[in-house]
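Down below is the structure, laid out as structure tokens.
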Amino acid sequence: MDNIVDTTALLWKQDSPSSTILRVLQQYGPSSVRQLEQTVGVSTNAVREQLVQLQAAALVQVTKQSHGAGRPLHLYSLTPRAQHLLSQGYDTLLNLLFAEILDQDGPAKLQILLHGVSERLAGEYAADPMRVAADGHLSAMQQAFAQHNMPLTAVEHDGELRLHTWSCPYIDVASEHRGVCDMETDMLTQVFGQRVHLEERIVDGATGCCFVVDHYPSSAVQHNISSPIPYEEQHAQPTVE
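Start counting the sequence shown at 8; every next residue gets the next number (my numbering).
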């Protein structure tokens, strides 16, 4: 138990290898040992040692991806426990606030308030979003999301623009109130001027949330801007663990 407590405390030590790995997984999602080695800048053995500690603390989980013949790829990602620890502690207050609004004014009023918040967020994330998108530069919006503890990866997949976030700053609230997820979807719809739907959610057990922008021009997409782990590399058939 003491080891788990000590390892959990590494979340708040910005210069520790463990916290660096957690931030990488938070920003870029499931990653292999080699990807973490290249991104964190330490040896394979050092990465494996940190991952063992993080797994013992129930902060990191591993899944295997099989690609026919050969060894399966081991991908490491944040556990629900890590997601909760990274949510900045606002969840309890927001849950109480939402419960009070529901009791006093009902779900319709809560939805109106959340829609108003989505409009404010849309204005904050991009002053002229379509101009930014048309230039093929989504980095401005990615930076805005990162400031709100929601690092964003934008990729084109099967003719759609898919937006992946690998952490949720209010995961406990989203577990209780789907309206928070609808607020984010509504905000992105306003930012892109196209219908957006939420395909996957962390609270449902996915490793990240995936928003899909419908009918988005492929020429406006720049793959994984500012990401040192390209989407193609994450999904390529590996030869090493």
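Each residue gets a CB set at the ideal place from its N, CA and C atoms; glycine is no exception.
Item to complete: Report back the beta-carbon spacing between A65 and R88 to the nearest angstrom; my notes put them in contact at under 8 angstroms.
Response: Mapped onto the sequence shown, residue 65 falls at position 58. Mapped onto the sequence shown, residue 88 falls at position 81. Between R88 and A65 the Cβ distance is about 5 angstroms, and since that is below 8 angstroms, they are a contact.
Item to complete: Tell me, to the nearest whole angstrom, how far the beta carbon of V67 is from that of T86; I am working on the premise that it is less than 8 angstroms.
Response: As a first step, residue 67 is located in the sequence shown; it is residue number 60 there, counting from the start. As a first step, residue 86 is located in the sequence shown; it is residue number 79 there, counting from the start. About 6 angstroms; that satisfies the 8 angstroms criterion.
Discussion item. Quick check on this structure: which residue in E207, E44, G200 and D211 has the alpha carbon closest to the alpha carbon of A82?
Written reply: On the sequence shown, residue 82 is found 75 positions in, with the first residue counted as 1. Correcting the residue identity first, residue 82 is Leu in this sequence and not Ala. Measuring from the Cα of L82, the nearest candidate turns out to be E44.
Worksheet item: By a C-beta neighbour count over all protein chains shown, 10 Å radius and 16 as the cutoff for buried, is I119 buried or exposed?
Response: In the sequence shown, the residue the question calls residue 119 occupies position 112. It is exposed - the Cβ of I119 has fewer than 16 other Cβ atoms within 10 Å.
Discussion item. Suppose you measure from the CA of R208 to the CA of G77; what does that come to, to the nearest Å?
Written reply: On the sequence shown, residue 208 is found 201 positions in, with the first residue counted as 1. On the sequence shown, residue 77 is found 70 positions in, with the first residue counted as 1. Distance between the alpha carbons of R208 and G77 is about 31 angstroms.
Worksheet item: Which class does Y83 belong to by DSSP, given the choice of helix, strand or coil?
Response: Within the sequence shown, numbered from 1, the residue matching residue 83 stands at position 76. Reduced to three states, the DSSP call for Y83 is strand.
Discussion item. Could you compute how far the alpha carbon of S39 sits from the alpha carbon of Q33?
Written reply: Position 32 of the sequence shown, counted from the first residue, corresponds to residue 39. Position 26 of the sequence shown, counted from the first residue, corresponds to residue 33. Using only the alpha carbons, I get a separation of about 14 angstroms.
Worksheet entry | Test item: CB-CB of L103 and M190 under 9 angstroms | Along the sequence shown, read from residue 1 onward, the residue named residue 103 stands at position 96. Along the sequence shown, read from residue 1 onward, the residue named residue 190 stands at position 183. Cβ atoms of L103 and M190: not closer than 9 angstroms.
Item to complete: Take C188 as the anchor and find which of C216, L92, E167 and R169 has the nearest alpha-carbon.
Response: As a first step, residue 188 must be located in the sequence shown, where it is residue number 181. The option with the nearest alpha carbon to C188 is C216.
Practice prompt. Please go through the same chain and pick out, in chain order, the residues whose beta-carbon is closer than 8 angstroms to the beta-carbon of P158, but skip the five residues on each side of it.
Written response: Taking the sequence shown and counting its residues from 1, the one referred to as residue 158 is at position 151. Same-chain partners within the cutoff: Q33, Q34, Y35, Q149, F152, T172, W173 and S174.
Practice prompt. Determine the burial state of Q57: buried for a count of at least 16 other Cβ atoms within 10 Å of its Cβ, exposed for fewer.
Written response: Position 50 of the sequence shown, counted from the first residue, corresponds to residue 57. Q57 comes out buried.
Worksheet item: By a C-beta neighbour count over all protein chains shown, 10 Å radius and 16 as the cutoff for buried, is P24 buried or exposed?
Response: The residue labelled residue 24 in the question sits at position 17 within the sequence shown. So P24 counts as buried.
Item to complete: Give me the Cα-Cα distance between S226 and A161, rounded to the nearest whole angstrom.
Response: Taking the first residue of the sequence shown as 1, we reach residue 226 at position 219. Taking the first residue of the sequence shown as 1, we reach residue 161 at position 154. The predicted position of S226 is uncertain, since its pLDDT is 48 and thus under 50; no value can be drawn from it.
Fill in: Assigned secondary structure, H204 (DSSP; H/G/I helix, E/B strand, else coil)
For the purposes of this step, residue 204 is taken as residue 197 along the sequence shown, with counting starting at 1. Strand, per DSSP.
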